[in-house]
Amino acid sequence: MLRQITSPFRVTWKWYRGPLEGGNLLARGRSRVRLVIEQQAPPQGRCNPRVVRRRAVRDLDEEMSVHSRDCGGAVVLHVSGEIDQLTVEPLHRELLSALARVRPPEPVVVDLTEVGFFGSAGLNELVTGHLQAELLGTRLSVVAGHREVLRPLAISGLDEQLDVHPTLRAALGA
Numbered sequence: 001m002l003r004q005i006t007s008p009f010r011v012t013w014k015w016y017r018g019p020l021e022g023g024n025l026l027a028r029g030r031s032r033v034r035l036v037i038e039q040q041a042p043p044q045g046r047c048n049p050r051v052v053r054r055r056a057v058r059d060l061d062e063e064m065s066v067h068s069r070d071c072g073g074a075v076v077l078h079v080s081g082e083i084d085q086l087t088v089e090p091l092h093r094e095l096l097s098a099l100a101r102v103r104p105p106e107p108v109v110v111d112l113t114e115v116g117f118f119g120s121a122g123l124n125e126l127v128t129g130h131l132q133a134e135l136l137g138t139r140l141s142v143v144a145g146h147r148e149v150l151r152p153l154a155i156s157g158l159d160e161q162l163d164v165h166p167t168l169r170a171a172l173g174a
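Residues 1 to 174 (full-length UniProt numbering) are what the sequence shown spells out, left to right.
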């Protein structure tokens, strides 16, 4: 038997699109995702009618950041924060940019040592980057030294498919 659960909260996701960055037709617009949690005022008669509607807004695009740097012929992406379906877009953009800048056979190294959550969207991005790197004649190396990243890689079997290293030094030396 299904029972409807009523909640005083309403959760919505709002997408904001900005202008395209640069003149590149392949560039994607900057997306901002906001999680909006609103507490609804209860109907009249149930309790105090002066209950104020509260609203909490959190910018999810600030949850994850990606910075890249050139290291010889290799390109290193330093990722921090949480990677999930809502925050993976900056990683996608930087990975495409890194693959365009790298000088084969030098690798593109994705450093995930400062990532606190690694969801399936992050796994998908690594697989896509790995396949694109192979087509370009280079390789994608992943730095993962803690459980939050190693466990999803192991469960999915990608730790056997990808070039995974415990430290950045090991990834650059391989």
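Note that beta-carbon positions come from the ideal geometry of N, C-alpha and C, so glycine has one too.
Note: leucine 77 is bridge-paired with Ser68, Val110 in the DSSP secondary-structure output. Each of Leu95, Glu125, Leu136 was checked against the Cα of histidine 67, and the nearest Cα belongs to Leu95. Annotated three-state conformation of aspartate 163 is strand, per DSSP.
Bridge partners of valine 115 according to DSSP: Gly81. Of the candidates Arg151, Leu126, Arg147, the residue whose Cα lies closest to the Cα of leucine 99 is Leu126.
When Val143, Asp84, Pro107 are compared, the shortest CA-CA separation from valine 164 is found for Val143. Glutamate 160 sits away from phenylalanine 118, with the two beta carbons spaced by 7 angstroms or more. Taking every protein chain shown into account, the CB of glutamate 89 has 16 or more other CB atoms within 10 angstroms, so this residue is buried. Secondary-structure assignment with DSSP links leucine 126 through no beta bridge to anything.
Looking at the backbone, the Cα of alanine 170 and that of methionine 64 are separated by about 24 angstroms.
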